[in-house]
Structure formats: structure tokens, C-alpha cells
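So that you can map any letter, position 105 of the sequence shown is 111 in our numbering, and since no number is skipped, the others follow by simple counting. Written below as C-alpha cells is the structure these notes are about.
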Amino acid sequence: MESSESIYKRLAENMSDMVSLHSPDGRFLWVSPSVNRILGYSPEELIGTDPYDLFHADDRLSIRSKTHEPAVTGDGNILIRYRIRRSDGQYIWFETLTQPIANGDGEIIELHTTSRDVTEQCKLEKALAESEALYRVSMDSLEEGVVLLDVEGRIVAHNPQATRILGLSSEELNGLLSCDPLWDAIYPDGTPFPAEAHPTVVTLRTGEPCSHVLMGIHNPRWQSRRWISVNSRPIPAGSSDRNLRALVVASFDDVTEMIERERQLQRWSTVYRFSGEAIVIMDADGVVRDVNEAFERLVQEDKTVWLGRPVDALTLESPSEDLFPSTIWPCMESDMNWRGELWLRDSLGGIRVTWAAMTKAQHGAPSDAHFILILSDFSERSITEEKLRYYAGHDSLTDLPNRLLLNDRFEVAVSTARRQGTTFACLYLDLDGFKPVNDRYGHAVGDQVLKAVGKRISEVLRAEDTVSRIGGDEFFAIVAGLPHERDYSALAMRIAKAISARMRINNHNLAVEASIGIAVYPRHGETQAELMEASDRAMYCAKRDGVPVVVARTDP
């Protein structure tokens with residue numbers, strides 16, 4: 007999911023074209039950053055506004071009748087050209103592809119548009135109509151394919167781009183009917199495109215122009231179909247070259263990439279909206295900009311409650327308090343991703359334990375960054391808060407206390423020792439020979455070895471002592487109340503001996519050993535960090551010297 011949503015957002019925000027979402031009444035809901043380059047507005051300036059205020063007065067009626075009204079009834083792949091006002095007051099020509107977005111009931115809830123600046127193309131088309139000489143000079147420099155057709159609808163002239171777009175040589179193209187069965191033309195919905203509906207045929211028959219007719223064409227040399235947007239215009243009497251006898255000029259763009267991009271965006275949009283996992287999209291400041299339906303179900307609240315709020319507000323329940331500033335945001339800066347548990351409460355007061363994955367996507371300036379958070383709910387409504395707190399404080403593999411609970415136990419040990427004037431010892435334990443077992447027999451066997459080691463340590467210790475798995479094959483124990491420091495060393499030796507006894511797991515006779523470092527409060531330190539560091543150094547001395555137990559030194 008993380009990869010899927012990341013693709014969807016990156017495609018939408020990094021297109022050279024302008025991409026926007028509209029409500030059914032036409033107002034902007036979301037606009038891609040490229041609007042600043044194309045129109046001179048920031049996305050924030052347009053969101054919530056009516057685009058009809060930007061359209062040229064002569065084009066508004068045509069846009070509403072030919073694009074907006076068909077789209078809100080479900081028609082898609084609607085291409086139209088019109089004039090739109092930039093922030094500097096100048097009008098440019100836009101070519102827009104409009105797609106409706108429906109919910110599960112078939113109701114149109116949004117309109118998706120992809121627009122590009124075709125001002126230069128429009129200027130060239132106008133110039134071609136006004137001057138045959140300019141027309142001939144310009145044909146070869148246009149990015150669009152251009153063909154001239156005679157009274158029978160056969161191609162009598164073309165520019166170089168036409169051969170490139172249609173995949174035929176000049177010799178193959180000349181004399182070919184624009185509606186030749188070779189093209190196997192289809193509509194966007196896959197139905198056959200009849201010859202009589204081809205725009206050049208319509209223009210020849212009626213004398214009327216056709217604009218932005220979208221069709222998929224096929225060439226046996228291609229591995230897939232290409233999509234072209236075709237315009238056809240009649241050539242005024244007396245302006246055509248007598249030798250060519252051309253009556254129609256057709257121009258066309260290869261819009262395959264635009265169509266495929268739009269379809270891919272539509273697919274990822276569907277995945278995002280209807281994913282079973284909760285997804286939260288944030289801006290560069292960590293402010294929630296969108297959530298999907300799964301998130302609404304998870305927190306039992308409408309998305310409007312969360313839009314505009316900082317994502318830090320999600321962590322409403324310990325142990326996730328302060329997790330964003332202490333852990334998640336630093337990870338975003340260094341690694342650009344983070345994974346872990348997030349606890350939150352839904353609107354009904356229930357506790358939700360989620361497995362969260364957060365990633366940062368940045369292209370260009372830091373202000374363009376955005377964050378994606380995916381939450382997988384693995385709490386059950388029947389699990390009590392007491393059980394959830396137990397799970398949060400214990401290692402899921404060995405069922406031993408984890409670092410969170412170890413911190414609490416350490417504070418109790420320090421408080422007791424200070425109050426009673428007693429000592430306690432910290433034992434840092436690392437397994438020797440575990441990696442070869444894990445590599446040879448696999449993680450499943452390795453997990454069983456860790457569980458067995460945890461059990462053996464617990465059997466040597468007393469009920470009032472604490473042993474924790476702090477990561478990988480490392481364990482940490484707090485032992486208090488022994489009369490002499492040498493008693494802690496003797497206890498550590500018994501633990502090392504218990505661990506070294508061979509164990510049978512999945513029909514394998516296995517053996518691992520332990521290196522244990524000991525630090526005693528308060529001689530080797532008075533804080534958790536000091537004692538863990540001292541016992542860790544002692545453990546590495548034991549590993550280096552090949553002995554099972556080493557007590558920390560008091561000198562630097």
C-alpha cells in the first residue's frame with residue numbers, strides 16, 4: 007500500500023500538465039502545483055473557487071454544455087479547448103481532458119481534469135487558416151501531425167510528425183484513407199469507431215469542423231493501441247493547392263501518455279479510496295490534507311474532523327504520546343520513513359492499536375514534500391485495555407518485558423535502592439553462536455532458540471527480578487537484594503551455564519553460549535544510561551576475553 011499510494015501522489019503532483027479535482031458544481035477541490043507555472047496561481051488561491059470565473063466569456067456556455075454537463079452525468083474522456091485567464095490578466099488556450107469519479111453507488115462525486123497549455127498550437131492553427139504560405143512553412147515544425155485530404159478522404163499531403171505519430175512511412179501514408187480499416191479505430195469505451203463518424207469524413211460530408219475527437223488506433227507494427235485527438239477543418243474554396251486538390255486539413259496529437267496517465271491515476275485513486283487500510287496524507291508541515299474511508303471507519307469519525315489538523319493529534323493514548331516529536335519526525339528527516347506501533351482512541355472511546363508505516367516524498371523544494379501514513383488496525387474490539395497495555399509492555403516473541411516495561415522496572419529499582427540504601431545489579435547479556443544457528447536453520451528455529459533462552463534465564467532468576475529482551479539476541483536483567491557483589495557474579499555464572507546447555511529444537515541439537523557484563527548500582531553508575539553503558543562495555547570485554555562473565559571496572 008505504501009508503494010501504491012506513493013505512486014498515486016507522485017504522479018499527480020509531478021505531472022507537467024495541470025491536474026485538478028472539482029466538485030460536481032465545478033469548484034476546485036485540489037489543484038496540482040504545476041498551476042503556478044502554467045497560470046500563475048498557487049493551488050491555495052484556486053481551491054474552493056469557481057473556475058468559470060477564469061473562463062473567457064465566449065467559451066463558458068460551450069464548456070458547460072459540452073464538458074461539464076456530460077461529465078456530471080457520467081461521460082468521460084471529454085476533450086475541449088477554451089480560453090482561460092492567467093493571474094496577469096492574459097488569456098491562454100487550454101486543452102482539458104475531463105473524467106468523472108463515481109462512488110460505489112455510481113453517483114458522480116468528483117470531476118478529474120488534466121489540462122495543458124496549447125496556446126502556441128492554437129496560434130499556429132489560426133495562422134494556417136489565414137495564410138497558405140505560412141501554413142506550408144509551419145507544417146513541418148508542428149508537434150501535431152497534420153494531413154491534407156482530397157474529396158475521397160485520401161491523404162494527399164502530410165507533415166513529418168504525421169508519419170511519426172501514425173507509424174507509417176510517407177509512401178505508405180500517401181493515398182491512404184483516413185478511415186481505412188487498417189486503423190481498427192475504437193472509442194474510449196472500446197466500441198468500434200465507424201468510418202462514417204471519422205472527423206475527416208464528417209467534415210467532407212457536412213463542411214463543418216470537428217474538434218478534439220478522441221480515438222484509439224492500431225498499427226500492426228505496434229505492441230499496443232495509440233490514442234489520438236483529431237481536429238478536422240474544411241479548406242476554404244480557392245485556398246487549396248490545385249495540384250493537391252485538398253478539401254480537408256486534419257491535425258492530431260498523440261495523447262496516449264495522457265490517457266494512460268489518467269487511467270493509472272484513476273486506478274490508484276480507486277485503490278486509495280477503497281483500501282482496507284487507513285491512509286492519511288499530510289503536507290510538508292505534517293497537517294492532514296486527506297484521509298480515506300478506511301481511516302474514517304478506524305476512528306469512527308468523518309474526515310472533515312481531521313482535515314487541517316496536525317497528524318501528531320492522532321496519538322491520543324500512551325505509549326504513543328510524544329512519539330511524533332521524539333521518534334517519527336527525526337526518522338522522517340534522516341531515513342524518510344518510519345514503522346512501528348501507534349495507539350489511538352476512536353470517537354467512541356475504544357483503544358485502537360495499529361501498525362503504522364510512514365514515508366516522506368519530496369521533489370524539488372522542501373515545501374513540496376508530503377507525508378503518507380498507512381495504519382493497519384490489529385486490535386480487536388473485544389481486547390480489554392488491560393490486555394493491550396500488557397502487549398505494549400512485553401516482547402511478542404519471548405513474552406518477556408520489552409524496553410518500555412524495563413524502563414519502568416529500572417525506575418522502581420533506583421527508587422528502592424536510594425530509599426533503603428541497598429544495591430542492585432544490571433546484567434547485559436549477548437548470545438554467542440546464535441547467528442550461525444539462525445543462518446543455517448532459518449528464522450523459525452532462531453525464534454525458538456530465543457524463546458528457550460528467555461525461559462532459561464527466567465528460571466534462574468527470582469520472581470522479583472526482571473529480565474528483558476531488548477533486541478535481536480540481546481537480553482538485559484535487573485537483579486536486586488543480594489548481600490554481596492560477588493553474589494551477582496555467581497548468579498550470572500549460573501545463567502551462562504543454563505544457557506550453554508544443549509537444546510533440542512525441531513529435531514536439531516543446538517547450543518549457544520552467552521557473554522554477560524555486570525554493572526552494580528551505585529558503584530558503576532546511578533542512571534539507567536550509565537549502568538547500561540557500563541554493563542555493555544563489560545559484556546564486550548567478556549566476549550573479547552572468551553569468558554562468560556565480566557564485572558565493569560570503576561576506573562575510566
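The C-beta atom is built at its ideal place from N, Cα and C for all residues, glycine as well. None of the values given here were measured: they were computed from a predicted structure.
On the CB-based measure, 16 or more other CB atoms within 10 Å of its CB, does E150 come out buried or exposed? Counted from its first residue, the sequence shown places residue 150 at position 144. The residue is buried, with at least 16 neighbouring Cβ atoms inside 10 Å.
Would you identify the three-state DSSP class for E101, choosing helix, strand or coil? To locate residue 101, count along the sequence shown from 1; it is residue 95. Reduced to three states, the DSSP call for E101 is strand.
Whole-angstrom distance between M264 and R122, CA atom to CA atom: On the sequence shown, residue 122 is found 116 positions in, with the first residue counted as 1. On the sequence shown, residue 264 is found 258 positions in, with the first residue counted as 1. For R122 and M264, the distance between alpha carbons rounds to 10 Å.
Would you report the Cα separation of P106 and S29, rounded to the nearest angstrom? Mapped onto the sequence shown, residue 106 falls at position 100. Mapped onto the sequence shown, residue 29 falls at position 23. Distance between the alpha carbons of P106 and S29 is about 10 Å.
Please state if the CB of P194 and the CB of V236 are separated by a distance shorter than 8 Å. Here residue 236 refers to the residue found at position 230 when the sequence shown is read from its first residue. Here residue 194 refers to the residue found at position 188 when the sequence shown is read from its first residue. Contact: no.
Which whole runs of the alpha helix (DSSP H) in the stretch 226 to 314 are 4 residues long or more, in chain order? 262 to 280, 299 to 305
I need the straight-line Cα distance from V157 to R227, nearest angstrom please. Counting from 1 along the sequence shown, the entry for residue 157 is found at position 151. Counting from 1 along the sequence shown, the entry for residue 227 is found at position 221. Going by the C-alpha atoms only, they are around 29 Å apart.
Keeping to the same chain, check which residues put their C-beta closer than 7 Å to that of D260; ignore five residues upstream and five downstream. If you number the sequence shown from 1, residue 260 lands on position 254. Once the five neighbours on either side are set aside, the close Cβ partners of D260 are I171, R232, I234.
For the alpha helix (DSSP H) that T169 lies in, which residues bound it at each end? Here residue 169 refers to the residue found at position 163 of the sequence shown. It spans 166 to 172 - the alpha helix (DSSP H) in which T169 sits, taken as one unbroken run.
Under three-state DSSP, which class holds P30? Taking the first residue of the sequence shown as position 1, residue 30 is located at position 24. Three-state result, P30: coil.
From L537 to G531, what does the alpha carbon distance come to, in whole angstroms? Counted from its first residue, the sequence shown places residue 537 at position 531. Counted from its first residue, the sequence shown places residue 531 at position 525. Those two C-alpha atoms are separated by around 5 Å.
Quick check on the burial criterion: 16 or more other C-beta atoms within 10 angstroms. Buried or exposed for G460? As a first step, residue 460 must be located in the sequence shown, where it is residue number 454. Buried, since its Cβ has 16 or more Cβ neighbours within 10 Å.
Assuming contact is defined by CB atoms lying nearer than 8 Å, are K503 and S521 in contact in what I supplied? Taking the sequence shown and counting its residues from 1, one reaches residue 503 at position 497. Taking the sequence shown and counting its residues from 1, one reaches residue 521 at position 515. In this structure, S521 does not lie closer than 8 Å to K503 by Cβ.
Tell me which residues share the same chain as R462 and place their Cβ nearer than 8 Å to its Cβ, disregarding the 5 neighbours each side in the sequence. Taking the first residue of the sequence shown as 1, we reach residue 462 at position 456. These residues qualify, in order along the chain: I501, A504, I505, A507.
Please classify E101 as buried or exposed, where buried requires at least 16 other C-beta atoms within 10 Å of its C-beta. Position 95 of the sequence shown, counted from the start, is the residue given in the question as residue 101. Classification for E101: buried.
Could you have a look at G112 and say whether DSSP puts it in helix, strand or coil? Start at 1 with the first residue of the sequence shown, and residue 112 comes out as number 106. Coil at G112, not helix or strand.
Determine contact between the stretch 405 to 420 and the stretch 479 to 491, defined as no fewer than three beta-carbon pairs at a distance below 8 Å. yes
Residues bridged to T119 by DSSP? Start at 1 with the first residue of the sequence shown, and residue 119 comes out as number 113. In DSSP, T119 forms a bridge with S26, T104.
Roughly how many whole angstroms lie between the Cα atoms of I380 and A423? Residue 380 sits at position 374 when you count from the first residue of the sequence shown. Residue 423 sits at position 417 when you count from the first residue of the sequence shown. Roughly 44 Å between the two C-alpha positions.
Taking 8 Å as the cut-off, does the stretch 33 to 40 touch the stretch 53 to 71 (at least 3 CB pairs, one atom from each stretch)? yes
Counting C-beta neighbours from all protein chains within 10 Å, is the total for K366 16 or more, i.e. buried, or is it exposed? If you number the sequence shown from 1, residue 366 lands on position 360. With 16 or more other Cβ atoms within 10 Å, it is buried.
Euclidean distance between Cα positions of M24 and R87: Along the sequence shown, read from residue 1 onward, the residue named residue 24 stands at position 18. Along the sequence shown, read from residue 1 onward, the residue named residue 87 stands at position 81. About 14 Å.
Between F481 and chain C, is any beta-carbon pair separated by less than 8 Å? Annotation note: the requested chain C is absent from the structure, which comprises a single protein chain.
Since Y447 is in the alpha helix (DSSP H), which residue starts that stretch and which ends it? Numbered from 1 along the sequence shown, position 441 holds the residue referred to as residue 447. 440 to 447 is the span of the alpha helix (DSSP H), which, as asked, contains Y447.
Does the Cβ of T560 have 16 or more other Cβ atoms within 10 Å, making it buried, or fewer, making it exposed? Taking the sequence shown and counting its residues from 1, one reaches residue 560 at position 554. Exposed: under 16 other Cβ atoms inside 10 Å.
With DSSP run on the structure shown, which of helix, strand or coil describes P215? Start at 1 with the first residue of the sequence shown, and residue 215 comes out as number 209. In this structure, P215 counts as coil in the three-state DSSP scheme.
Check whether the stretch 205 to 218 and the stretch 164 to 181 are in contact - that is, three or more C-beta pairs closer than 8 Å. no
In the structure shown, what three-state DSSP assignment does L381 receive? Along the sequence shown, read from residue 1 onward, the residue named residue 381 stands at position 375. Here L381 sits in strand by DSSP.
Near E116, what residues of its chain come up, given a Cβ to Cβ distance below 6 Å and the 5 sequence neighbours on each side ignored? Looking up residue 116 in the sequence shown gives position 110. Excluding positions up to five away in sequence, the list reads L27, I107.
Would you be able to state if there are at least three C-beta pairs under 8 Å between the stretch 446 to 461 and the stretch 472 to 479? yes
Identify the continuous beta strand (DSSP E) that holds V420 and give its terminal residues. The count along the sequence shown starts at 1 and reaches residue 420 at position 414. That residue, V420, is in no beta strand (DSSP E); its alpha helix (DSSP H) goes 409 to 426.
Using a 10 Å radius around the Cβ and a threshold of 16 neighbouring Cβ atoms, would you call E126 buried or exposed? Against the sequence shown, residue 126 aligns to sequence position 120. Per the 10 Å Cβ criterion, exposed.
Confirm, please, whether the CB-CB distance from D289 to H400 is below 8 Å. Counted from its first residue, the sequence shown places residue 400 at position 394. Counted from its first residue, the sequence shown places residue 289 at position 283. No; because the gap between Cβ atoms is not below 8 Å, this pair is not in contact.
Looking only at DSSP bridge pairs, what is A520 linked to? Against the sequence shown, residue 520 aligns to sequence position 514. Answer is L437.
Does DSSP put K129 in a helix, in a strand, or in coil? As a working note, residue 129 is residue 123 in the sequence shown. K129 falls in the helix class under three-state DSSP.
Go ahead and pull the three-state DSSP assignment for L52. What you label residue 52 is simply residue 46 of the sequence shown in a count that begins at 1. DSSP places L52 in helix when its eight states are reduced to three.
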